[in-house]
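Here the structure is laid out as structure tokens; the discussion comes afterwards.
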Amino acid sequence: MNLKLLKLDNKMNQMIRIELKRAFCNVRFLYSILVGLLIAGSQIFTWVIPAMEKVEYYLLGKGEYPISVFNTWIGASGHTYQLTLYFIILPVISCLPFSDSCFIERESGYQAHILTRVNRNAYLFSKSIAVYLSGGCAVVLPLIVNLYVTMMAIPSVIPEASSRTFPIFEHSMWSGIFYTHPYVYLVGYFVIIFSYAGLFSLFGMISSFYVRNRFVSLVIPFIVYTLVNFVLGYTEYYKYSPELFLRPDQPAGAVFSFIVIFYILGLLICRIFLFREGKKYDLYV
Amino acid sequence: MWSSTRRGIIKYDLCQGLRANMWKFLAGTVPFFGVVMIVQERSVLFSTEPSFFEYFIYLFKGIKNYTPVPGQQFEVPILWMIVQVSMALIIYDYPVVNLEKYGIQTIIRAKSRALWWFSKCIWAAASVVLYYAVGILIILGACMLTGKISFIADQEWNMVMNELDVSLITHEQLWLICICIPLMSSIALSLLQLTGSFVLSPVYSFLLLLSYIVISVYYNHSCFMGANSMILRSEFAMPGGNTLSGIVITNIIVMCAAVFGGYIYFRRHDIY
Amino acid sequence: MIILKNLNKELNGNAVLTDINLKLSKGKVYGLQGKNGSGKTMLMRAVCGLIKPNSGYVEIDGKRLGKESAFPESVGCLIENPAFVPYYSGLKNLQILADIKGRIDRKDICLMMERVGLDPGEKKPFRKYSLGMKQRLGIACAFMEEPDIILLDEPFNALDTEGVEMLKNLLGEAKEKEAAIIVACHDKEELELIADEIFVMENGKIMEQKIRKEGTCYEGIS
Chain F
157 MNLKLLKLDN KMNQMIRIEL KRAFCNVRFL YSILVGLLIA GSQIFTWVIP
207 AMEKVEYYLL GKGEYPISVF NTWIGASGHT YQLTLYFIIL PVISCLPFSD
257 SCFIERESGY QAHILTRVNR NAYLFSKSIA VYLSGGCAVV LPLIVNLYVT
307 MMAIPSVIPE ASSRTFPIFE HSMWSGIFYT HPYVYLVGYF VIIFSYAGLF
357 SLFGMISSFY VRNRFVSLVI PFIVYTLVNF VLGYTEYYKY SPELFLRPDQ
407 PAGAVFSFIV IFYILGLLIC RIFLFREGKK YDLYV
Chain L
53 MWSSTRRGII KYDLCQGLRA NMWKFLAGTV PFFGVVMIVQ ERSVLFSTEP
103 SFFEYFIYLF KGIKNYTPVP GQQFEVPILW MIVQVSMALI IYDYPVVNLE
153 KYGIQTIIRA KSRALWWFSK CIWAAASVVL YYAVGILIIL GACMLTGKIS
203 FIADQEWNMV MNELDVSLIT HEQLWLICIC IPLMSSIALS LLQLTGSFVL
253 SPVYSFLLLL SYIVISVYYN HSCFMGANSM ILRSEFAMPG GNTLSGIVIT
303 NIIVMCAAVF GGYIYFRRHD IY
Chain D
1275 MIILKNLNKE LNGNAVLTDI NLKLSKGKVY GLQGKNGSGK TMLMRAVCGL
1325 IKPNSGYVEI DGKRLGKESA FPESVGCLIE NPAFVPYYSG LKNLQILADI
1375 KGRIDRKDIC LMMERVGLDP GEKKPFRKYS LGMKQRLGIA CAFMEEPDII
1425 LLDEPFNALD TEGVEMLKNL LGEAKEKEAA IIVACHDKEE LELIADEIFV
1475 MENGKIMEQK IRKEGTCYEG IS
């Protein structure tokens, strides 16, 4: 019995390794990072580089609060189109790398080869991990690159609330952390963005169980995301729109408890659908 | 006048293409129902019910030219954006999926790549027209329910809610800016997306189109025609705004470039 | 008459067709034999006009593909797996395609479906067809409009004994109606039962041409 469990564990580990390799060593993962880098990179050229010229101006003590990484990088540039665009298309970028792999494998018949070697639950579990991680990385990595490049160009001047040049206000989530330990704030926000991006890519994977066209599965999370933003945008609950609370500049002020609850709910929904899919006996091609 | 093959392939695309995307048309009615609800909710501030044009101006008003200022959020008008996204989703993947799956049988029967491609362009344009027709019907339905089927724009309503002085706009110009120009702009963008979906792939073409639209909202420049349908950027809403003739010419140029560019690419495209 | 002259095609840096020279006349069945990846399907795609040769040309009844016409005037094909609209029945799928040219009507389609062993009244959508049924539908699609050129890529796949006999009868009838038929098959024995000439392909080239002498005896000429 122990040997059987051990074998299962080994198979599961092996499956996870295989799926992770397929998800990350994949030209589509590269393309999705490239899309993100194009947007984040353009912000460097249109905003960060011009801001570099103003750094010396402030060093000469001309008044006003100096320019800082924390109000220059893409995540704080709510006045630029790049931040808005990035968070509009975030679900699509997260689904691009690997969300439709289940669909492709089912359609091509490849799934039959896998399921004769490992059980369906192990397959779905390893697939979910790969989809989640690749989706999260595809969204977060360009933001990290943008932050890093901005750090190389602009000094990390600690934010000052009274200067009114920073996007976080008193009522915003983690405002205390932002004005004392801004990098901790940014890391925390990257974790939130990564988690949600992974969740969206899982939704994409789940939708691929029910659609007949893989391109549709790539945009279903985007459709839901945009609709939620649209509906909530015209109500008093607009701050609960993911398109707003995922932005590090918090244009509407985020609520941490809601972010966690919504995320856990999302994971539960994914779990339910994966459980249902795992219960299926027939491989219907 | 036209050969039976030409009629056949166009009929095939119009019937199958529209049928295959029926669920997308239904889902795409959200912005029209949305504008009806929003305008109805806001109309309690006024003494009269909104007319037909109030809905369309609210839907397509967009925003005035944006000047980036740190601290001031750049926002894409959500209602206007949803219309563009809905159109983009309708066009999205049908031609590529059609070609990949059963397109070989249709294209060898069409006997002409040009015919197949132009038939897809006609399908794209027809889809846009149908989408707008559905929207018009929904809004007319809303007007009927409120008991005010009027095609005269209310000045007070538009000044307060849409920041537009309709007294300066003739009735014909109102039809143009509310229906014809958005329709034409949508057709131009759809044809661009159609071409992009073959050259790149449906997903990347979709992303490119969304990016182009957002950048067009940000920069009001003739190179970025994505925001041509915004009423508040027209000459009627702001001095130096986009002229009607300018918008029409830009749209025609983009349509022609997309159709012929796509044809030139598709002519040499290997189908395998 | 189908003429392929100095046909060369490269895909992603790989030569898939190299120096193909063929003259195919009507009223004959030509076989393409070779291992997987030898270029049989690519050759068929070239004859169909689906791929553009890098050099050389395909000429059908005096018209060059890609210049005077994009596709052959009258062609029926079954290339790779039969693909149809998954949520339509077999009859509906064939009707939609037949409506494009408008040469045949519903009655003709029903007759063809019965010939290939399918029930025209079957309401089942295509996606629920078995592999054999899908293949039969693909064959019906290739033959239904009585085209002048018929291209069949591995048509015997998934067919039972009756299906094979059915296909052979269809090929015989099409041959009598002066259609030029090209059949690709890796099974030498099946090919020798139906083909008048066989071209053996390897790595995109035609290595050998065999003409039927009598029965299943072939004489190699190159």
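Protein chains in written order, with this note's numbering: chain F, 157 to 441; chain L, 53 to 324; chain D, 1275 to 1496. Ideal Cβ positions, reconstructed from N, Cα and C, are used throughout, including at glycine.
Close to chain L, meaning a Cβ-Cβ distance shorter than 7 Å, are the following residues of the region 238 to 260 of chain F: T240, L241, I244, I245, V248 and L252. Contact between V148/L and P254/L holds, with the beta-carbon distance rounding to 5 Å and staying under 8 Å. Boundaries of the alpha helix (DSSP H) harbouring G1446/D: T1435 to E1450, taken from the DSSP string. Y154/L and Y146/L have their C-alpha atoms roughly 11 Å apart. Judged by DSSP secondary structure, G1406/D falls within the alpha helix (DSSP H) whose first and last residues are L1405 to F1417.
By DSSP's assignment, V1332/D forms a beta bridge with L1278/D. A1289/D is bridged by DSSP to E1284/D. For K153/L, the residues of chain D that pass the 7 Å Cβ criterion are A1357, in the order they occur in the chain.
Between N1431/D and N1310/D, the alpha-carbon positions lie close to 14 Å from each other. Classified as buried, M1418/D has 16 or more neighbouring CB atoms from the shown chains inside 10 Å of its CB. Looking at the backbone, the Cα of N1443/D and that of E1436/D are separated by about 11 Å.
For I174/L, no CB of chain D lies under 8 Å from its own CB, so it is not counted at the interface with that chain.
When 8 Å is used as the limit between beta carbons, D145/L is near these residues of chain F: N369, F371 and V372, in chain order.
Beta-bridge annotation (DSSP): A1454/D is paired with I1423/D. Secondary structure at L1324/D: coil, using DSSP grouped into helix, strand and coil. Identification of chain L residues near G389/F by a Cβ-Cβ cut-off of 8 Å yields I130, ordered along the chain.
Rounded to whole angstroms, the separation of the alpha carbons of V212/L and S331/F is 36 Å. Three or more pairs of CB atoms, one per stretch, sit closer than 8 Å, so the region 295 to 315 of chain F contacts the region 222 to 235 of chain F. The beta carbon of I159/L is closer than 8 Å to those of L151, R165, W168 and I323 in its chain, skipping five residues each way along the sequence. Comparing alpha-carbon positions, the option among R178/F, R432/F, E209/F and L239/F lying closest to L193/F turns out to be L239/F.
In the DSSP assignment, Q1369/D falls within the unbroken alpha helix (DSSP H) covering G1364 to K1375.
Scanning chain L for C-beta atoms nearer than 7 Å to the C-beta of F418/F yields nothing, as the closest lies near 20 Å away.
Contact check for G80/L and Y183/L: beta-carbon distance about 6 Å, within the 8 Å limit, so the pair qualifies. Taken through DSSP and simplified to helix, strand or coil, C1491/D comes out as strand. At a cut-off of 8 Å between beta-carbon atoms, H235/F makes contact with chain L. Residue state for I323/L is assigned as coil, using DSSP reduced to three classes.
If you draw a 10 Å sphere on the C-beta of V416/F, you find fewer than 16 other C-beta atoms in it, and that means exposed.
Nearest neighbour of A1320/D by Cα position, chosen from E1466/D, L1285/D and D1393/D, turns out to be L1285/D.
Within the DSSP bridge table, the entry for Y1304/D names I1456/D and E1471/D as partners. If you check the CB distance, S357/F and S373/F do not come in under 8 Å.
Nearest Cα to Q245/L within the set W75/L, K116/L and M139/L: M139/L. In the structure shown, the three-state DSSP call for I230/F is helix. Counting only runs of 4+ residues, the alpha helix (DSSP H) found wholly inside the region 187 to 264 of chain F occupies 205 to 215, 237 to 244, 246 to 251 and 257 to 264, in chain order.
DSSP places L131/L inside the alpha helix (DSSP H), whose first and last residues are I130 to I143. Contact between the region 1448 to 1457 of chain D and the region 1421 to 1431 of chain D is present: 3 or more CB-CB pairs across the two stretches fall below 8 Å. With contacts defined by Cβ atoms closer than 8 Å, E1428/D and A1458/D form a contacting pair.
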